[in-house]
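Position 183 of the sequence shown, counting from 1, maps to 180 under our numbering, and the rest follow consecutively.
One structure is given here, and the rest of the page talks about it.
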Amino acid sequence: MINYKTDIEPHLRGLWPDIFRQYGIEVGDFKGRNTKNSSCPLCGGVDRAHFRDDNGRVSLYCRHCAADSMKSPESVVMEHQNIDFKQFAGDMANYLNLTPIEKRESVKKKNQKVSFSLPSCHKQDPEAAAKFLAKADQRGHFVVKSGHDGSLQGVYIPMYNHLQQLVNIAKVVDDGYRFQAGAISYGAFGIIEGNENVILCNDHRDGLKIHNDTGATVLITFYILNMNFCVYKVPGFDKLKVALTGADKEYFNGFNDVISV
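See the structure below:
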């Protein structure tokens, strides 16, 4: 007997935009992990509805019909087509059987970005990061860990790489950041969700101010060395504006437009 979770779902990762298209659902272009805000394909709501890619799975956020949590790609298809899970699983089995492996690999490659080598001091631990997030609370743009009495125990910033994969967790400490994996993940960044304008910034406090002032999406690189790495290695980052303090400007090696903070 075919098991959807083990036999089908893993093979659908990276293919969801194409699958949605089969049902007349247009995802649009991704900028970072998210698509631009548009109307919701399920309820028609226009309040910040967008899709988000997480390790090849594309979920839907809508303030009208999915405000508390993202709708899974499976739920999006079933609600849009008014079908049950059994029919949906059958559709996906047929999709995989009817779609040649060559086409599947081509679609996945099209949805991925160019890879690059990482420095020897790079650290990441996706499994530990995912386990941590599963137990943390979302508060504003970041996640927090609370004590049994509700007191704030810490502020944490999830770090994602250019493939929208969770790779590390940065904890805010007095002298900067401490990383769950033992060191920073190069080419990875925290995300303050905003509009289609994207700005790079080293510090989450400066990033929040920029976001509140401009509405922009801010990517937090945490340290100038990682910012330099990002603008040289991550596809498209050389075109982004960067926000720097006076001290960091001296060590920035890119040719991006610079905003003073």
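Every residue, glycine too, gets a C-beta built ideally from N, C-alpha and C.
In this text the structure is predicted, and so the values were computed from the model without any measurement.
For residue i, the residue or residues it bridges with in DSSP
i	result
residue 156	165
residue 208	Residue 208 is not bridged to any residue.
residue 197	216 and 239
residue 192	213
residue 135	140
residue 173	170
residue 227	In the DSSP output, where bridge partners are listed per residue, residue 227 has none listed.
residue 47	58
residue 28	31
residue 186	157
residue 262	Residue coverage of the chain in this structure runs from -2 to 258, which leaves residue 262 outside it and unanswerable.
residue 151	142
residue 68	57
Expected contact under 8 Å - CB spacing of residue i and residue j to nearest Å
i	j	result
residue -1	residue 126	Not a contact, Cβ separation roughly 31 Å.
residue 213	residue 192	6 Å
residue 256	residue 188	In fact, because the Cβ distance is near 18 Å, the residues do not count as touching under 8 Å.
residue 123	residue 162	6 Å
residue 253	residue 237	6 Å
residue 159	residue 231	5 Å
residue 186	residue 222	No, residue 186 and residue 222 are not in contact; Cβ-Cβ is about 13 Å, not under 8 Å.
residue 201	residue 169	7 Å
Distance, residue j Cα to residue i Cα
i	j	result
residue 66	residue 39	15 Å
residue 79	residue 42	18 Å
residue 31	residue 172	31 Å
residue 48	residue 151	29 Å
residue 93	residue 8	8 Å
residue 132	residue 14	29 Å
residue 140	residue 157	14 Å
residue 51	residue 242	32 Å
residue 165	residue 62	30 Å
residue 119	residue 174	15 Å
residue 3	residue 248	48 Å
residue 86	residue 70	12 Å
residue 209	residue 194	13 Å
residue 343	residue 68	Missing from the structure shown is residue 343; the chain here goes from -2 to 258 and no further.
residue 134	residue 55	22 Å
residue 138	residue 20	32 Å
residue 113	residue 129	27 Å
residue 211	residue 34	16 Å
residue 84	residue 136	37 Å
residue 6	residue 258	44 Å
residue 207	residue 184	21 Å
residue 16	residue 29	20 Å
Nonlocal neighbours in the same chain, by C-beta distance under 6 Å from residue i, ignoring five residues either side
i	result
residue 73	57
residue 303	There is simply no residue 303 to check, as the chain begins at -2 and stops at 258 in what is shown.
residue 37	46 and 59
residue 176	165 and 167
Close beta carbons around residue i, own chain, < 7 Å, minus the five adjacent residues each side
i	result
residue 76	39
residue 264	A question about residue 264 goes unanswered here, because the residues of the chain that appear run from -2 up to 258.
residue 245	199 and 221
residue 219	167, 174, 181 and 199
residue 179	120
Own chain residues within Cβ distance below 8 Å of residue i, not counting five before or after
i	result
residue 18	24
residue 190	31, 138 and 214
CB contact check: residue i to chain C, cutoff 8 Å
i	result
residue 53	This model lacks chain C altogether, as it is built from one protein chain only.
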